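Remarks on the structure that follows.
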Amino acid sequence: MNEDAFVKQMQRYMPERICRIIYSWLVKYPVKVRISKPRKTKLGDYRIGGGRKQPVISVNGDLNPYAFTVTLTHEIAHHIDFLQRKTLATPHGDSWKGVYSELLLQLLAANAFPDELTPAVARHIQNPKAASCSDPALLRELRAYDQEPMIVLSDLPEGAEFVIVSNQRLFQKGKLKRTRFICTEIQTKKRFMVHGECEVSINHS
Numbered sequence: 108m109n110e111d112a113f114v115k116q117m118q119r120y121m122p123e124r125i126c127r128i129i130y131s132w133l134v135k136y137p138v139k140v141r142i143s144k145p146r147k148t149k150l151g152d153y154r155i156g157g158g159r160k161q162p163v164i165s166v167n168g169d170l171n172p173y174a175f176t177v178t179l180t181h182e183i184a185h186h187i188d189f190l191q192r193k194t195l196a197t198p199h200g201d202s203w204k205g206v207y208s209e210l211l212l213q214l215l216a217a218n219a220f221p222d223e224l225t226p227a228v229a230r231h232i233q234n235p236k237a238a239s240c241s242d243p244a245l246l247r248e249l250r251a252y253d254q255e256p257m258i259v260l261s262d263l264p265e266g267a268e269f270v271i272v273s274n275q276r277l278f279q280k281g282k283l284k285r286t287r288f289i290c291t292e293i294q295t296k297k298r299f300m301v302h303g304e305c306e307v308s309i310n311h312s
């Protein structure tokens, strides 16, 4: 696929400028990119293939353009890291962090992100996490570009009952401990630490 065809295909998910940068990476480090249906447990993943199978990256197609960009960059970094090290051991170790940070720096140098988002991405580069959802500051900035506002646990008052979207379990919100809240599952009365940026829905029953 040539560059213009790639841009035409991917422009519904990312701005044109970003598409062209991503294309240059894929020319150098070929990997199949697949658009996935929405998944609650992950935003994207990377599979090395094996045998005659081609390595594949999948990214959820419902992400906003900048969340899609960060997720795809994260997975391309896994692909490059695997090509360089020939192993997926310590997949989010220093080697991957170096590759991922370099790719994000290329995007920043090209002014690929809006001015409001750039500082959060720059801070993220200093200590990349295993997932953007593990970086609350970046996640909150990325969610500002969602078409439909998402409710996260930190938005709710203490004592509120809520359902975790990814598993449909019902909890009551407790006190904050660093970045997580002590929450009690209504059915079992067991306590769990739930991240403040966890997507939730309000229980109206």
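When we follow my numbering, the leftmost residue of the sequence shown carries the number 108, and every step to the right adds one. A virtual CB, placed ideally from N, CA and C, is assigned to each residue, including glycine. Model, not experiment: these values are computed from the prediction.
Asked                                                                                                                                                                                : Found
Would you mind working out which of D262, E255, I258, L224 sits nearest L245, comparing C-alpha positions?                                                                           : L224
Just to confirm, are D188 and S202 a CB contact at a threshold of 9 angstroms?                                                                                                       : yes
Classify Y153 as helix, strand or coil using the three-state DSSP reduction.                                                                                                         : strand
Is the CB-CB distance between G151 and H181 below 9 angstroms?                                                                                                                       : yes
In the DSSP assignment, find the beta strand (DSSP E) that holds L277 and state where it starts and stops.                                                                           : 277-279
Leaving aside the five residues before and after L263 along the sequence, list all residues of the same chain whose C-beta is less than 8 angstroms from its C-beta, in chain order. : F269, K280, V307, I309
Which residue spans inside the segment 136-222 form an unbroken beta strand (DSSP E) run of at least 3?                                                                              : 139-143, 151-154, 163-167
Smallest Cα separation from K149: which of V134, V138, Y130, D169?                                                                                                                   : D169
Quick one: give me the first and last residue of the beta strand (DSSP E) that V301 is part of.                                                                                      : 298-302
Residues in the same chain with beta-carbon distance under 6 angstroms from I293, minus the five sequence neighbours each way, listed in chain order, please.                        : L277
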